[in-house]
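So the sequence shown is numbered by our numbering: it starts at 5 and just counts up by one.
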Amino acid sequence: MKSNTIDMLTGPLLRPTLKFAIPLIATGVVQQSFNSADAFVVGRYCPSEALAAVGSNGPVINLIVTLFMGLGVGINVVTASCIGRRDFEGVRRSVATTGILSIVCGIAMAIIGMVFSRPLLVALATPAEVLDHASTYLRVMFMGLPFMMIYNFGAAILRSVGDTARPFYILVVSCLVNIGLDLLFVAKFDMGVAGVAIATAIGMALNATLVVILLLREKSDIQLVPRGMRFYRRELRQILHIGLPAGLQGLVFSLSNVFILSAINSFGSAASAGSAAALNYELYCYFLVVAFIQATVAFTSQNYAAGKIDRCKRIYRLNMILALVFCGIMNIGVVLNKGFFIGFFSTDPEVLPFAYTRLTGVLLFQFVACSYEISGGAMRALGYSMTPTIVTILGTCVFRLLWVWGLPFFGGTFATLMAVYPITWVITGVSVTVAYFVVRRKAFAKVTQPSSH
Numbered sequence: 005m006k007s008n009t010i011d012m013l014t015g016p017l018l019r020p021t022l023k024f025a026i027p028l029i030a031t032g033v034v035q036q037s038f039n040s041a042d043a044f045v046v047g048r049y050c051p052s053e054a055l056a057a058v059g060s061n062g063p064v065i066n067l068i069v070t071l072f073m074g075l076g077v078g079i080n081v082v083t084a085s086c087i088g089r090r091d092f093e094g095v096r097r098s099v100a101t102t103g104i105l106s107i108v109c110g111i112a113m114a115i116i117g118m119v120f121s122r123p124l125l126v127a128l129a130t131p132a133e134v135l136d137h138a139s140t141y142l143r144v145m146f147m148g149l150p151f152m153m154i155y156n157f158g159a160a161i162l163r164s165v166g167d168t169a170r171p172f173y174i175l176v177v178s179c180l181v182n183i184g185l186d187l188l189f190v191a192k193f194d195m196g197v198a199g200v201a202i203a204t205a206i207g208m209a210l211n212a213t214l215v216v217i218l219l220l221r222e223k224s225d226i227q228l229v230p231r232g233m234r235f236y237r238r239e240l241r242q243i244l245h246i247g248l249p250a251g252l253q254g255l256v257f258s259l260s261n262v263f264i265l266s267a268i269n270s271f272g273s274a275a276s277a278g279s280a281a282a283l284n285y286e287l288y289c290y291f292l293v294v295a296f297i298q299a300t301v302a303f304t305s306q307n308y309a310a311g312k313i314d315r316c317k318r319i320y321r322l323n324m325i326l327a328l329v330f331c332g333i334m335n336i337g338v339v340l341n342k343g344f345f346i347g348f349f350s351t352d353p354e355v356l357p358f359a360y361t362r363l364t365g366v367l368l369f370q371f372v373a374c375s376y377e378i379s380g381g382a383m384r385a386l387g388y389s390m391t392p393t394i395v396t397i398l399g400t401c402v403f404r405l406l407w408v409w410g411l412p413f414f415g416g417t418f419a420t421l422m423a424v425y426p427i428t429w430v431i432t433g434v435s436v437t438v439a440y441f442v443v444r445r446k447a448f449a450k451v452t453q454p455s456s457h
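What follows is the structure in structure tokens.
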């Protein structure tokens, strides 16, 4: 077996799971550093309105991106399941389908973003002093997002065989380029928000180029063969069956956060900037969880396809424990040192109270989200993608919209608005976990279990 792949079907689980997850954690941290670098540079070299402009765009970009990124989950599940069944022709067809799908989705995403970026910002009541900066940043970012799509779809292929290290190395290179260009364009050439957006888009393009080169040179069944790139009906249908519900969940989830962003903006640019600064650490901690979600998806997909039910149960337990422990420790560490961490992004005395409120009211309880994220990933790996989507939309998204609507009745403070996050995490966590055990019983009943060793 190649050194950059992982045997998910035999032997102990802890070491291969950590081998899979740790590069993914590092990848998430580096990937988030693209946006954090933007926030750091504009926070240091530009007025606070520029930081608010960069931070205000996160939920808007996610609104468009998450619909398509759910397809990455479908790619991972379908390719890993083919590996578990030893269906190597299916692996090749999945890769060929993914190649063309990434191009189509990337172009569609860029067009949607370019057309609707400013109207979305206006609809969200973005403060007038921030709107022009935010619109400029968003348009440039959407020009680079097709490259992000190509990279993420390519990384999904690599994750299906356990290769999480090489995508990380690619991101390190492009992140360093991005940070260097941020400083050059803003500190040296005084290009402001446009400068950090252009730097990020260039970094995304470098990501896509390197992952495509890697897949073209791959010497296994996941090699990308340009002349074979086309839609294969069976593989496309399977990818969409798993990926579209995941994308729909992400879309509605992001939509609810967009409504919360609108409520945050109503408190003024200081609240927008403070929330944006604190949000960076929520995203960093969330990437810890994402790593174990992806491990759950890849390991469960292969083992379920191979009929190894006992290993599927162990995979779920192990990843749930690891996600809770890793996320909880990081949450507590950041909150206990909030002055130090927020200081990277702003020292404005008007911004700091909002940043601290979000850290203590949201980040401290973020580990609760592991309960529904890991359970949802396990259900998708078993082929049940719509169930976690419906439960999560009802438990999280609908409740958040109702909370924002009723905010004036609850006191209308910034702290009250932030309380919606831990409350919905608890509601959704209980609901999705119960759904997982119901679904698992049905899914495992379909399989005749061979030896798990």
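Beta carbons are placed, not taken as given, at the ideal position from N, Cα and C, and that holds for glycine.
Residues near residue i in its chain [Cβ-Cβ closer than 8 Å; skip 5 each side]
{"i": "Leu149", "result": "Ile65, Ile68, Val69, Gly110, Met113, Ala114, Gly117, Met208"}
{"i": "Ile336", "result": "Leu368"}
{"i": "Ile268", "result": "Ala275, Ser276, Ser279, Phe418, Leu421"}
{"i": "Pro27", "result": "Thr168, Ala169, Pro171, Phe172"}
{"i": "Thr391", "result": "Met383, Ala439, Val443"}
Simplified DSSP assignment, three categories, for residue i
{"i": "Pro454", "result": "Confidence is the limiting factor: at Pro454 the pLDDT is only 48, short of 50, which leaves the residue's position unreliable and the question unanswerable from this model."}
{"i": "Pro51", "result": "coil"}
{"i": "Phe448", "result": "helix"}
{"i": "Asp91", "result": "coil"}
{"i": "Gly15", "result": "coil"}
{"i": "Thr70", "result": "helix"}
{"i": "Thr391", "result": "helix"}
{"i": "Phe413", "result": "helix"}
{"i": "Asp459", "result": "Only positions 5 to 457 of the chain appear in the structure, and residue 459 is not among them; the question remains open."}
{"i": "Met5", "result": "For Met5, the pLDDT reaches just 44, beneath the cut-off of 50, and the residue's location in the model is therefore unreliable, leaving the point undetermined."}
{"i": "Pro27", "result": "helix"}
{"i": "Ile10", "result": "coil"}
{"i": "Phe348", "result": "coil"}
{"i": "Ala423", "result": "coil"}
{"i": "Pro171", "result": "helix"}
{"i": "Val442", "result": "helix"}
{"i": "Pro20", "result": "helix"}
{"i": "Val33", "result": "helix"}
{"i": "Pro353", "result": "coil"}
CB of residue i within 8 Å of CB of residue j, strictly
{"i": "Ile246", "j": "Gly78", "result": "yes"}
{"i": "Thr83", "j": "Ser178", "result": "no"}
{"i": "Ser139", "j": "Leu162", "result": "no"}
{"i": "Leu322", "j": "Leu128", "result": "no"}
{"i": "Gly433", "j": "Ser375", "result": "yes"}
{"i": "Thr437", "j": "Ala382", "result": "no"}
{"i": "Val4", "j": "Val58", "result": "Residue coverage of the chain in this structure runs from 5 to 457, which leaves residue 4 outside it and unanswerable."}
{"i": "Ile206", "j": "Leu180", "result": "no"}
{"i": "Ala100", "j": "Arg234", "result": "yes"}
{"i": "Ala30", "j": "Phe296", "result": "no"}
{"i": "Met12", "j": "Gly158", "result": "no"}
{"i": "Ser260", "j": "Arg404", "result": "yes"}
{"i": "Arg97", "j": "Tyr308", "result": "no"}
{"i": "Gly380", "j": "Ser435", "result": "no"}
{"i": "Phe348", "j": "Phe44", "result": "yes"}
{"i": "Ile264", "j": "Val408", "result": "yes"}
Own chain residues within Cβ distance below 6 Å of residue i, not counting five before or after
{"i": "Pro51", "result": "none"}
{"i": "Phe189", "result": "Met195, Gly199, Ala203"}
{"i": "Phe448", "result": "Ile313"}
{"i": "Pro454", "result": "Its pLDDT being 48, under 50, Pro454 is placed unreliably in this model, and the coordinates cannot settle the point."}
{"i": "Ser305", "result": "Val81, Ala84, Ser85, Ala385"}
{"i": "Pro426", "result": "Phe369"}
{"i": "Lys342", "result": "Tyr360, Leu363"}
{"i": "Phe271", "result": "Phe418"}
Chain-order list of residues whose beta-carbon lies under 7 Å from that of residue i (same chain, five-residue window excluded)
{"i": "Phe345", "result": "Tyr285, Val338"}
{"i": "Arg318", "result": "Leu17"}
{"i": "Val3", "result": "No information on residue 3 is available, as it lies outside the stretch 5 to 457 that the chain covers here."}
{"i": "Ile174", "result": "Asn211, Leu214, Val215"}
{"i": "Ile397", "result": "Gln253, Val256"}
{"i": "Asn156", "result": "Met73, Gly76"}
{"i": "Asp42", "result": "Val58, Asp186, Val200, Thr204"}
{"i": "Ile10", "result": "Pro20, Lys23, Phe24, Gly166"}
{"i": "Met153", "result": "Phe72, Ser106, Cys109, Gly110, Met113"}
CB contact below 8 Å: residue i versus chain B
{"i": "Tyr376", "result": "No chain B is present in this structure, which holds just one protein chain."}
Cβ-heavy atom distance, residue i to the ligand GDP, below 7 Å
{"i": "Met324", "result": "As far as ligands go, the structure on display features none, and thus does not contain the ligand GDP."}
**Request:** Only counting runs of 4 or more residues, tell me where the alpha helix (DSSP H) segments fall wholly within the region 143-168, in order along the chain.
**Result:** Within the region 143-168, no run of alpha helix (DSSP H) at least 4 residues long lies entirely inside it.
**Request:** Counting only runs of 4+ residues fully inside the region 309-342, write out the alpha helix (DSSP H) ranges in chain order.
**Result:** Positions of the alpha helix (DSSP H) runs, each at least 4 residues long and wholly inside the region 309-342, are given as 313-340 in order along the chain.
**Request:** With a floor of 4 residues, list each alpha helix (DSSP H) that falls wholly inside the region 183-235, ordered by position along the chain.
**Result:** The region 183-235 contains these whole alpha helix (DSSP H) runs: 196-220.
**Request:** Pick out the complete alpha helix (DSSP H) segments inside the region 79-135, 4 residues or longer, and give them in chain order.
**Result:** Segments of the alpha helix (DSSP H) lying fully in the region 79-135: 92-127.
**Item:** Residue ranges of each alpha helix (DSSP H) within the region 240-313, 4 or longer
**Value:** Segments of the alpha helix (DSSP H) lying fully in the region 240-313: 273-309.
**Asked** Which ranges would you report for the alpha helix (DSSP H) in the region 359-408 if only whole runs of at least 4 residues count?
**Response** 374-385, 390-396, all fully within the region 359-408.
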